[in-house]
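Protein chains: 2
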Amino acid sequence: MRVGPSQDEIRRQNLGALLRYVHLHGATTRAELTNVLGLNRSTIGALTADLAAAGLVTEGAPKETGRAGRPSLVVRPESERIFAYAYSIEVDRLRAARVGLGGAVLDRRELDRPRGLTAAEAAPLLAGVVKEMRQALPNGAVCVGAGIAVCGMVRRDDGLVRLGPATGWVDEPIGAALGAELGVDVPVSVGNVADVAAFAEHARGTAAGCDNVIYLYGDVGVGAGIIAGGRRLTGHGGYSGEVGHMVVVRDGARCECGNRGCWETEIGEHGLLRAAGRSDARGREALLEVFDAADRGDARAQTAVRQAGDWLGFGVANLVNIFNPEMVIFGGTMRDLYLAAAAQVRSRLNSNGLPACLEHVRLRTPTLGTDAPLIGAAELAFDRLLADPLDVG
Amino acid sequence: MRVGPSQDEIRRQNLGALLRYVHLHGATTRAELTNVLGLNRSTIGALTADLAAAGLVTEGAPKETGRAGRPSLVVRPESERIFAYAYSIEVDRLRAARVGLGGAVLDRRELDRPRGLTAAEAAPLLAGVVKEMRQALPNGAVCVGAGIAVCGMVRRDDGLVRLGPATGWVDEPIGAALGAELGVDVPVSVGNVADVAAFAEHARGTAAGCDNVIYLYGDVGVGAGIIAGGRRLTGHGGYSGEVGHMVVVRDGARCECGNRGCWETEIGEHGLLRAAGRSDARGREALLEVFDAADRGDARAQTAVRQAGDWLGFGVANLVNIFNPEMVIFGGTMRDLYLAAAAQVRSRLNSNGLPACLEHVRLRTPTLGTDAPLIGAAELAFDRLLADPLDVG
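See below:
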């Protein structure tokens, strides 16, 4: 049962709300904070003082406004000092970043990931990258946590990677492995890459302010991060959003999951390359070559891309009827496919979607681009801080 | 931004939490309320006194416990006095009920609905039924609102029925029409029948305590009410859950929505009757005859039922991969189909569902049976009361 919170809980909530606001919106005047948070001036002053004492924000004079009267002080997140480590484990790449409070990527590194690399092999590689980043740390910098975006199904309770069909991972405790390599007392959160990218675009990207969003992410396979009623949809165990394994062709092509006719066999990397007559190729470069060839008029590539675009619209229409979202975002290889076949996507969506479900839906590509998984992974780490700012600091 | 609530908001929250608890769990001792709500005894006493003064609860001695010491007073919802009107508009039936605070159906009436009956024709019929129920009202009874469950897509903002393919309704303001016929100052809420039935089963039925639930409801078509993360999924406009229009057969049979190959063409009334060679029949009785015939060994009926059961499992597997629910409930005609073909449903679900998504999912029939839409419609009305108990009373 939900009951009223205690005074101490209210203070924590208010501290979190203020810090979250400047984390998402950047430097903000006290006057604006008073306004948007619905708290009085003295409360804002006290909360800001607490956060400043903990080293999470600074206060200072605003830039010259040209207006008369005493200007309101500006509250800024400590973007250089407070940071999280973020990792993105993709089929062909390993990426790591240091992301400051406020969402800026302060340092960014990338490695190729040979297909077949295990979690045990990935952890020391990523830890090595972190070691390099640490050498470039400014004085007084404080790490508040780490987040990992993984191409796979992640158990909500403990971050175990249950299954990554495209990486071949089964029951990999990558969070614990990486935490051990980091060798410090940093909490590590793990999330599915599509969920995490959706979180980032919802927090500070193209879906900011949208309560019902589907973020479709393609790497080799396809998954979705879903925001419903303003909150991340996780499902019971954390595995929701496996839209790539919605079967669209009964007894269709064999999928990496072992089933047949999954949506990703039509729109994922393997299906598209096979349809374009390039079954021996793989990776995003090979996909981009198919889109280029289609663009140059290669008939087989054009047919493959249009067909895949039609299937993309087909599945999106099903999801639009099921979720009634206000926005669908195409990320990763789904972005490339959407941009190459937008006419087919829209046409199939319009013919299969119910009119009421379609009427406010916008199709978008990510604002945060390929940084979305990293920024989302960092948001997982910041979420702990924002829930109780003075507990970390 | 979420900030801390005021003292007055906290009191309203606490009043709502206490009243919701006894509404859902029935007579409860003060000691248990203190425990489950996490409030101290004097606060519980004050809240109970306020609710009793408003006529929403009564307090009294418990039944003899046989234990020593002063027994804790028992708080009961005013189930006979405080009530809501509930309506369910189905393809072949109109139903109305008076439901008491606490969820008991106090009075229940039913009419046949000729297919083709318009909203303008339905409203006076239902109002007539209410007039009869009013004559049987006990002294001092107070109506706190009305709720309507409709077989169709309902706009969240104002309850407009945008489209009911099976009823032929388009943009029908049934809430306003019925409100006008009721001729009183009673707020009327409207919801899709599957959403409302899911709400009821989640509040006080088989899904109580489950945070991630799919309630599949079949009448002529098929829809779902979805609970995700403990909350009702509505989508942007209120139209989510149109799972019957998930396309499962590209270029399949024509659906009432105008599209082809929608899931409901395989598992809905028309598809099943057609497959059983009874295209001229319709209604639930005709469906039950097919299930009976299959049970008696009629080969064509058996094939039709098994095939439909396989398709039922096929779509449920897609939804399980998308939502990772802990429970799927089969209501309306989906209950009949599930019970007739459970082996096919489970077999297809197990072969198409991802193992991690399947591992905790339970398949269930509704505890509240055919009352679920009525009880859910009443819950829509009670929800307003529970949000701010002293505003109604």
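Here the protein sequences line up with chains W and R, keeping their order.
In terms of this note's numbering, the first sequence is residues 1 to 393.
In terms of this note's numbering, the second sequence is residues 1001 to 1393.
Idealized CB from N, CA, C, for every residue including glycine.
### Query
Under 7 Å Cβ-Cβ, which residues of chain W neighbour residue 1246/R?
Chain-ordered, the chain W residues with CB closer than 7 Å to the CB of residue 1246/R read 318, 321, 322.
### Task
Given a cut-off of 8 Å, decide if residue 244/W and residue 264/W are closer than it, judged by their beta-carbon atoms.
In this structure, residue 244/W lies closer than 8 Å to residue 264/W by Cβ.
### Message
Residues of chain R with CB closer than 8 Å to the CB of residue 314/W, please, in chain order.
### Response
Simply 1247, 1250.
### Task
Quick one: residues in its chain with C-beta nearer than 7 Å to the C-beta of residue 387/W, no 5 flanking neighbours on either side, listed in chain order?
Take residue 387/W, set aside five residues on each side of it, and the residues of its chain with a beta-carbon closer than 7 Å to its own are 16, in chain order.
### Query
Looking only at DSSP bridge pairs, what is residue 314/W linked to?
In DSSP, residue 314/W forms no bridge with anything.
### Query
Is the stretch 69-86 of chain W in contact with the stretch 1020-1038 of chain R, if contact means three or more CB pairs nearer than 8 Å?
They do not touch, by the three-pair rule.
### Message
Against chain W, which members of the stretch 1225-1242 of chain R pass a CB distance test of less than 9 Å?
### Response
Within the stretch 1225-1242 of chain R, contact with chain W at the beta-carbon level (separation under 9 Å) is assigned to 1226, 1228, 1229, 1231, 1232, 1233, 1234, 1235, 1236, 1237, 1238, 1239, 1240, 1241, 1242.
### Message
Threshold first: 3 residues or longer. Then list the beta strand (DSSP E) segments lying entirely within the stretch 77-154 of chain W, N to C.
### Response
Listed in chain order, they are 82-89, 93-100, 105-112, 142-150.
### Message
Nearest by alpha-carbon distance to residue 1174/R: which of 1159/R, 1166/R, 1186/R, 1165/R is it?
### Response
For the residues 1159/R, 1166/R, 1186/R, 1165/R, the minimum Cα distance to residue 1174/R belongs to 1159/R.
### Query
So the alpha helix (DSSP H) residue 220/W belongs to, where does it begin and stop?
First-last for residue 220/W: undefined, no H or E at that position.
### Query
Does the beta carbon of residue 1002/R sit closer than 8 Å to a beta carbon anywhere in chain W?
Caution applies to residue 1002/R, whose pLDDT of 46 falls short of 50 and renders its modelled position unreliable; the value that the coordinates give is listed next. Yes, contact with chain W.
### Residues sharing a beta bridge with residue 1006/R, DSSP
Bridge partners of residue 1006/R: none, in fact.
### Alpha-carbon to alpha-carbon, residue 1054/R and residue 1390/R
If you take the alpha carbons of residue 1390/R and residue 1054/R, they lie about 7 Å apart.
### Query
Ordered along the chain, which non-local residues of its own chain (more than five positions away) have a Cβ less than 7 Å from that of residue 130/W?
So the qualifying residues of the chain are 85, 96, 182.
### Query
What is the DSSP secondary structure of residue 295/W, reduced to helix, strand or coil?
DSSP places residue 295/W in helix when its eight states are reduced to three.
#### Entry: 8 Å Cβ cutoff met for residue 356/W and residue 1221/R
No, Cβ-Cβ distance for residue 356/W and residue 1221/R is not below 8 Å.
### Task
Just the C-alpha distance for residue 1361/R and residue 330/W, rounded to the nearest angstrom, thanks.
C-alpha separation (whole angstroms): 30 Å.
### Query
How is residue 55/W classed by DSSP in three states: helix, strand or coil?
It is coil, neither helix nor strand.
### Query
Tell me, which residues are paired with residue 262/W by DSSP?
DSSP lists 247/W as partners of residue 262/W.
### Extent of the continuous beta strand (DSSP E) to which residue 171/W belongs
Element bounds for residue 171/W: 169-172.
### Task
Using three-state DSSP, classify residue 1189/R as helix, strand or coil.
The answer is strand: DSSP assigns residue 1189/R an E or B state.
### Query
Do residue 1321/R and residue 266/W have their C-beta atoms closer together than 8 Å?
Going by C-beta atoms, residue 1321/R is not nearer than 8 Å to residue 266/W.
### Task
Can you pull the chain C residues whose beta carbon is under 8 Å from the beta carbon of residue 1163/R, in chain order?
Looking at the structure shown, chain C is missing, and the protein chains on hand are W and R.
### Task
Using only alpha-carbon positions, find the residue among 1365/R, 1253/R, 1127/R, 1273/R that is nearest to residue 1089/R.
The residue with the shortest Cα to Cα distance from residue 1089/R is 1127/R.
### Message
If the cut-off is 8 Å on Cβ atoms, which residues from the stretch 12-35 of chain W count as contacting chain R, listed in chain order?
### Response
Here the close residues are 13, 14, 17, 20, 21.
### Task
Indicate whether residue 1385/R and residue 1144/R have their beta-carbon atoms separated by less than 8 Å.
Remark: C-beta atoms of residue 1385/R and residue 1144/R approach each other more closely than 8 Å.
### Task
Might you give, ordered along the chain, the residues of its own chain that have their beta carbon closer than 8 Å to the beta carbon of residue 396/W, omitting 5 neighbours on each side?
The question about residue 396/W has no answer here: the residues shown for chain W are numbered 1 through 393.
### Task
Give a yes or no on whether 8 Å exceeds the smallest Cβ distance from residue 1212/R to chain W.
Judged by the 8 Å Cβ criterion, residue 1212/R is in contact with chain W.
### Among 31/W, 29/W, 371/W, 38/W, the one whose alpha carbon lies nearest that of residue 14/W
Distance check between residue 14/W and each of 31/W, 29/W, 371/W, 38/W places 38/W closest, using alpha-carbon atoms only.
### Query
Counting contacts by CB-CB distance shorter than 8 Å, is residue 257/W in contact with chain R?
It does: the Cβ of residue 257/W has a partner Cβ on chain R nearer than 8 Å.
### Query
On the three-state DSSP scale, how would you describe residue 303/W?
If DSSP states are grouped into helix, strand and coil, residue 303/W belongs with the helices.
#### Entry: Bounding residues of the alpha helix (DSSP H) (the contiguous stretch that carries residue 1271/R)
Run containing residue 1271/R: 1269-1275, per the alpha helix (DSSP H) assignment.
### Task
Evaluate residue 1006/R with the Cβ neighbour count: other Cβ atoms within 10 Å of its Cβ, from every protein chain shown; 16 or more gives buried, anything less gives exposed.
Its Cβ having fewer than 16 others within 10 Å, residue 1006/R is exposed.
### Task
Could you run through the stretch 147-176 of chain W and flag, in chain order, every residue whose CB is less than 8 Å away from some CB of chain R?
Answer set for the stretch 147-176 of chain W: 153, 155, 162, 163.
### Query
Does the beta carbon of residue 379/W sit closer than 8 Å to a beta carbon anywhere in chain R?
Output row for residue 379/W: interface = no.
### Query
Would residue 1189/R pass as a contact of residue 1381/R if the rule is Cβ separation under 8 Å?
In terms of Cβ geometry, residue 1189/R and residue 1381/R form a close pair [threshold 8 Å].
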